[in-house]
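Here full-length UniProt numbering is used: the first residue of the sequence shown is 1, the next is one more, and so on.
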Amino acid sequence: MDTNTITEPPEFIEIDNEKIATRHRSGNNPDVFWLGGYRSNMLGTKAHAVDEWTKKKNISYTRHDYSGHGESTGNYFEGTISKWLAQSLTVFSTLC
Numbered sequence: 001m002d003t004n005t006i007t008e009p010p011e012f013i014e015i016d017n018e019k020i021a022t023r024h025r026s027g028n029n030p031d032v033f034w035l036g037g038y039r040s041n042m043l044g045t046k047a048h049a050v051d052e053w054t055k056k057k058n059i060s061y062t063r064h065d066y067s068g069h070g071e072s073t074g075n076y077f078e079g080t081i082s083k084w085l086a087q088s089l090t091v092f093s094t095l096c
């Protein structure tokens, strides 16, 4: 699904019993794949600024919330950098 604004609900990808919230907008290649910072989410100021920039340039943009962050399910305290990296790789291979 192409999600064009932050007001539209996210799509979810199930990864290891967690629902990972994603937003993707198609455009020209190459894709921009957003990896949020520690304890941040895909609706933050920086992610939104990149969204606006890629929209103006007609560049594909994909972002997601790690488990336990933002609109994704899961317990933040059960997450690890390795787990969040694995989720990111799955989102990338699914949407990009």
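Note that CB positions come from ideal geometry on N, CA and C, so glycine has one too.
Asked: Report, in whole angstroms, the separation of the C-beta atoms of arginine 25 and lysine 55, which I expect to be a contact under 8 Å.; Found: 7 Å
Asked: Could you have a look at serine 40 and say whether DSSP puts it in helix, strand or coil?; Found: coil
Asked: Just the C-alpha distance for glycine 74 and arginine 23, rounded to the nearest angstrom, thanks.; Found: 18 Å
Asked: In terms of alpha-carbon separation, which member of Asp65, Asp16, Ile81 and Ala86 lies closest to leucine 43?; Found: Asp65
Asked: Closest by CA to phenylalanine 33, which one among Thr45, Asp51, Ser40 and Glu18?; Found: Asp51
Asked: Name, in chain order, the residues that DSSP records as bridge partners for valine 32.; Found: Tyr61
Asked: Distance check for histidine 69 and threonine 94, CA to CA, integer angstroms please.; Found: 20 Å
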